[in-house]
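Number of protein chains: 2
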Amino acid sequence: MVRELTVALGERSYPIYIGEGLLQEAASYFDKHGVSKKSPLMIVTDSHIGPLYLEALENVLRASGFQVVSAVVPAGEGSKSLAVFEQLVTKALEGGLDRKSTIVALGGGVIGDLAGYVAASYMRGVRFVQIPTTILAHDSSVGGKVAVNHPLAKNIIGAFHQPAFVLYDLNTLQSLPPRDVRSGLSEAIKHGLIWDEAFVAWCDDNMEKLLALDPDALGYALFKGCGVKAAVVSVDETENGLRAILNLGHTIGHALEAVAGYGELTHGEAISIGMIGSAIVGVKLGAPQEVYKVTRRVLGKSGLPVRLPEHFDTDAVMRAMMHDKKFTEGSIVYVVPTAIGKVEVRSDVPASLVRETVELLKQEADWQ
Amino acid sequence: MVRELTVALGERSYPIYIGEGLLQEAASYFDKHGVSKKSPLMIVTDSHIGPLYLEALENVLRASGFQVVSAVVPAGEGSKSLAVFEQLVTKALEGGLDRKSTIVALGGGVIGDLAGYVAASYMRGVRFVQIPTTILAHDSSVGGKVAVNHPLAKNIIGAFHQPAFVLYDLNTLQSLPPRDVRSGLSEAIKHGLIWDEAFVAWCDDNMEKLLALDPDALGYALFKGCGVKAAVVSVDETENGLRAILNLGHTIGHALEAVAGYGELTHGEAISIGMIGSAIVGVKLGAPQEVYKVTRRVLGKSGLPVRLPEHFDTDAVMRAMMHDKKFTEGSIVYVVPTAIGKVEVRSDVPASLVRETVELLKQEADWQ
Numbered sequence: 006m007v008r009e010l011t012v013a014l015g016e017r018s019y020p021i022y023i024g025e026g027l028l029q030e031a032a033s034y035f036d037k038h039g040v041s042k043k044s045p046l047m048i049v050t051d052s053h054i055g056p057l058y059l060e061a062l063e064n065v066l067r068a069s070g071f072q073v074v075s076a077v078v079p080a081g082e083g084s085k086s087l088a089v090f091e092q093l094v095t096k097a098l099e100g101g102l103d104r105k106s107t108i109v110a111l112g113g114g115v116i117g118d119l120a121g122y123v124a125a126s127y128m129r130g131v132r133f134v135q136i137p138t139t140i141l142a143h144d145s146s147v148g149g150k151v152a153v154n155h156p157l158a159k160n161i162i163g164a165f166h167q168p169a170f171v172l173y174d175l176n177t178l179q180s181l182p183p184r185d186v187r188s189g190l191s192e193a194i195k196h197g198l199i200w201d202e203a204f205v206a207w208c209d210d211n212m213e214k215l216l217a218l219d220p221d222a223l224g225y226a227l228f229k230g231c232g233v234k235a236a237v238v239s240v241d242e243t244e245n246g247l248r249a250i251l252n253l254g255h256t257i258g259h260a261l262e263a264v265a266g267y268g269e270l271t272h273g274e275a276i277s278i279g280m281i282g283s284a285i286v287g288v289k290l291g292a293p294q295e296v297y298k299v300t301r302r303v304l305g306k307s308g309l310p311v312r313l314p315e316h317f318d319t320d321a322v323m324r325a326m327m328h329d330k331k332f333t334e335g336s337i338v339y340v341v342p343t344a345i346g347k348v349e350v351r352s353d354v355p356a357s358l359v360r361e362t363v364e365l366l367k368q369e370a371d372w373q
Numbered sequence: 006m007v008r009e010l011t012v013a014l015g016e017r018s019y020p021i022y023i024g025e026g027l028l029q030e031a032a033s034y035f036d037k038h039g040v041s042k043k044s045p046l047m048i049v050t051d052s053h054i055g056p057l058y059l060e061a062l063e064n065v066l067r068a069s070g071f072q073v074v075s076a077v078v079p080a081g082e083g084s085k086s087l088a089v090f091e092q093l094v095t096k097a098l099e100g101g102l103d104r105k106s107t108i109v110a111l112g113g114g115v116i117g118d119l120a121g122y123v124a125a126s127y128m129r130g131v132r133f134v135q136i137p138t139t140i141l142a143h144d145s146s147v148g149g150k151v152a153v154n155h156p157l158a159k160n161i162i163g164a165f166h167q168p169a170f171v172l173y174d175l176n177t178l179q180s181l182p183p184r185d186v187r188s189g190l191s192e193a194i195k196h197g198l199i200w201d202e203a204f205v206a207w208c209d210d211n212m213e214k215l216l217a218l219d220p221d222a223l224g225y226a227l228f229k230g231c232g233v234k235a236a237v238v239s240v241d242e243t244e245n246g247l248r249a250i251l252n253l254g255h256t257i258g259h260a261l262e263a264v265a266g267y268g269e270l271t272h273g274e275a276i277s278i279g280m281i282g283s284a285i286v287g288v289k290l291g292a293p294q295e296v297y298k299v300t301r302r303v304l305g306k307s308g309l310p311v312r313l314p315e316h317f318d319t320d321a322v323m324r325a326m327m328h329d330k331k332f333t334e335g336s337i338v339y340v341v342p343t344a345i346g347k348v349e350v351r352s353d354v355p356a357s358l359v360r361e362t363v364e365l366l367k368q369e370a371d372w373q
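One line per chain: the protein sequences are A and B, in this order. Here the numbering used here is used: the first residue of the first sequence is 6, the next is one more, and so on. Here the numbering used here is used: the first residue of the second sequence is 6, the next is one more, and so on.
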């Protein structure tokens, strides 16, 4: 079965298709959405995903008459740089891409962000199609946030550029390493925690199936995760208000990523610890104990880390938080859960409470 | 007097203020438009304009409580590069600019394009204010097209990012070299030729005043030039249709710029020759002879070149035209005048006619 949902953004609305084997059917989706056959399209992928799926995708597209240029960048966050961005623009120019061309991201979040920023900028914006190959990318495939990194800060150079459509082939998820599976589930669980209590309960009940990559369970989780994000983004496309709730767990999470050595924590692992921290802050500010217990239980079942390794220096974590771009005009924006499936954005959370929480996150025993 | 016009783009609408001494009154305009005093703003200027006006602008803004960071880049097209773009992002990060910050372009078209692309990209888009200091910049200050160059093509990396407002201080134009004055008038005359017969007649009658930098005449010409562009852009913000008429003279003009050695032709000079070429094409396709005569007379009065220097190789010019991004899906988009103040966009102009026109442009005697 193919699940379909629409990200409702007026004239920039677009569908997300989720199902098994969609890569093989890519040409019909490209046709349906009017991707040009007269202008070349460019597939951007990385050195991990390229060997697995690039040739197959090129073949099905070429067999239907599409002109295909491909670019393979090194796998990893290092490719989200202005230097690689410029190389892709060069490739697009050399490949003859024009204003009617489409850029296709085949890969995870790094490829989506990088290729998306190329699509946003090339000739001041061309069409963009996402073919995510990780669970985590369900998050970045909704909302059009694209960016590259600057040596001083992540995602600081970017744009809002919505794709024409998203094609999620569940088969491409079968080869994901377990750590990437868990990291992807982290954002899916986050979507439940901010918006959808029933989906959190479903995750609680179906975590084993998810970890075993059961296609139907995965398809459902991606559908729900994308659905929550789509609902939020529809209200607030350019992150001026409601969209801030998507940062649950990210204030501490980003700081941990900044402080951790390369590879120590994935993004999903960092925000897992961050979400536990947010639950602690929530309870301390009056939310029911349940908020902490359920958050702790679901994340724990998934095998994601729920404690902060002791060697993390609290001062360093606090300093990293102060440099994060979520700080606007000197005040801190913090997403605080008030119940499972419900959060509020507060700007009055004392730094002392956050510091105390970071300390509590390091304790072996469960908090409280 | 301060002339004011609005670029009507729905929620992205913005005003252009044109008058003498507006730089000294900048703070009140910044206040009026809600530029943040809590978040630093960054002024981007170049090594020619900086020494003339930067300190004065910094002083009036700081005196009113704005936090000001400044960045001075080398004057010239060379600064419209990804490398300088990255330096400006670094400067913005080091200066503590956040999502509520504003980027201010103080300078000509290069600075507007460069600073505008920084504003479009920094933290996925911050506010942007333009303070143009050339006549030519009246063109780029309307419509939100911002970009940097790639070694293989001009303006290929960019965005559509509308300013919050534009502040045109006529006093800053008094020090313009005569060649820059003429080049700026070239785009103003173009706006008349595509849209406003009466303004072309006014230019014909008032060219001496314009060349003498009479403030009232200049203010009127900028008001009319911006007005035409605003009318066109309001209908077609992202260059999908009508906006193509703004490319009158640019098909040949861009090719001449690409072929010419550095500094041989300014943009305004190149499109002046290009507009003569367009008039020739127009008459050959059935427009009244008047179209050529008036175009020739007004551009001639301004001192702009109306003939192509003989050493330009016709083959090279034709090849350069084929690489221009105005070619979509293999067909050529050419803006052809049908009367003074009226043009049509045609995609059926034979390359042979354009080649013949390039040859005619080299002839010493007036054509026909």
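We put the beta carbon where it would ideally sit given N, CA and C, even for glycine. No experiment lies behind these values; they were computed from the predicted model shown.
Per DSSP, the unbroken beta strand (DSSP E) holding A:T343 starts and ends at 339–344.
For A:F71, there is no enclosing beta strand (DSSP E), as DSSP marks it with neither H nor E. Below 8 Å, enough C-beta pairs join the stretch 152–171 of chain A and the stretch 72–91 of chain A to call them touching: three or more. For the stretch 111–136 of chain B, residues whose beta-carbon sits nearer than 8 Å to a beta-carbon of chain A comprise A125, S126, Y127, M128, R129, G130.
Any Cβ of chain A closer than 8 Å to the Cβ of B:L251 would place that residue at the interface, and such an atom is absent. B:T95 belongs to the set of residues whose beta carbon lies under 8 Å from a beta carbon in chain A.
With a cutoff of 8 Å on beta-carbon distance, A:A124 and A:I136 are scored as not near each other. For A:K150, the C-beta contacts it makes with chain B under 7 Å involve R129, in order along the chain. The Cβ-Cβ distance between A:R129 and B:K150 falls below 8 Å. Per DSSP, reduced to three states, the secondary structure at A:G24 is strand. At a beta-carbon threshold of 7 Å, the residues of chain B lying near A:L87 are L87, E91, ordered along the chain.
Scanning its chain for C-beta atoms nearer than 6 Å, with the 5 sequence neighbours on each side dropped, one finds around A:K214 the residues A222, in chain order. Shown here for B:A120: same chain residues with a beta carbon closer than 6 Å to its own, the five before and five after excluded, namely V49, I108, A110 in chain order. Going by DSSP, B:A260 is part of the alpha helix (DSSP H) stretching over 255–264.
Residues of chain B with a Cβ closer than 8 Å to the Cβ of A:A164 are, in chain order, A125, S126, R129, G130, A164. In the DSSP annotation of this structure, the continuous segment of the alpha helix (DSSP H) that includes B:E192 starts and ends at 183–200. Contact of A:I161 with chain B by beta-carbon distance below 8 Å involves V94, L98, Y127, M128.
In this structure, the alpha-carbon of A:L253 lies about 18 Å from that of A:Q294. The shortest C-alpha to C-alpha distance from B:V264 to any of B:G81, B:M327, B:K289 is the one to B:M327.
A:D118: member of the alpha helix (DSSP H) spanning 114–126, first to last residue. Any Cβ of chain B closer than 8 Å to the Cβ of A:L313 would place that residue at the interface, and such an atom is absent. Here the alpha carbon of A:A13 sits roughly 36 Å from the alpha carbon of B:R351.
Between A:S283 and A:L190, the CB-CB gap reaches or exceeds 8 Å.
Within its own chain, the residues whose Cβ lies closer than 6 Å to the Cβ of B:Q72, once the five positions on either side in sequence are excluded, are P45, listed in chain order.
Not one beta carbon of chain B lies nearer than 8 Å to the beta carbon of A:L46. For B:G268, no beta strand (DSSP E) segment is defined, and its DSSP state is neither H nor E.
Between B:V288 and the set B:T271, B:T300, B:S146, the nearest pair of CA atoms involves B:T300. In the DSSP assignment, the residues bridged to B:I48 are B:S75, B:V109. Inclusion of A:G24 and A:L218 in the CB contact set at 8 Å is not warranted, their separation being larger than that value. No Cβ-Cβ contact shorter than 8 Å links B:A31 with B:D51. For B:A236 against B:W200, the beta-carbon gap comes to about 7 Å, under 8 Å, which counts as contact. Chain-order list of chain B residues neighbouring A:H155: E91, V94, T95, L98, by C-beta distance under 8 Å. When DSSP states are grouped into helix, strand and coil, B:G279 belongs to the helix group. Excluding five sequence positions before and after B:S145, the CB atoms of its chain that fall closer than 7 Å to its own CB belong to G114, G117, D118, given in chain order.
Judged by beta-carbon spacing, B:Y22 lies beyond the 8 Å limit of B:T177, meaning their Cβ atoms are not closer than that value.
Excluding sequence positions up to five before and after A:N160, its CB lies within less than 6 Å of the CB of A152, all in the same chain and listed in chain order.
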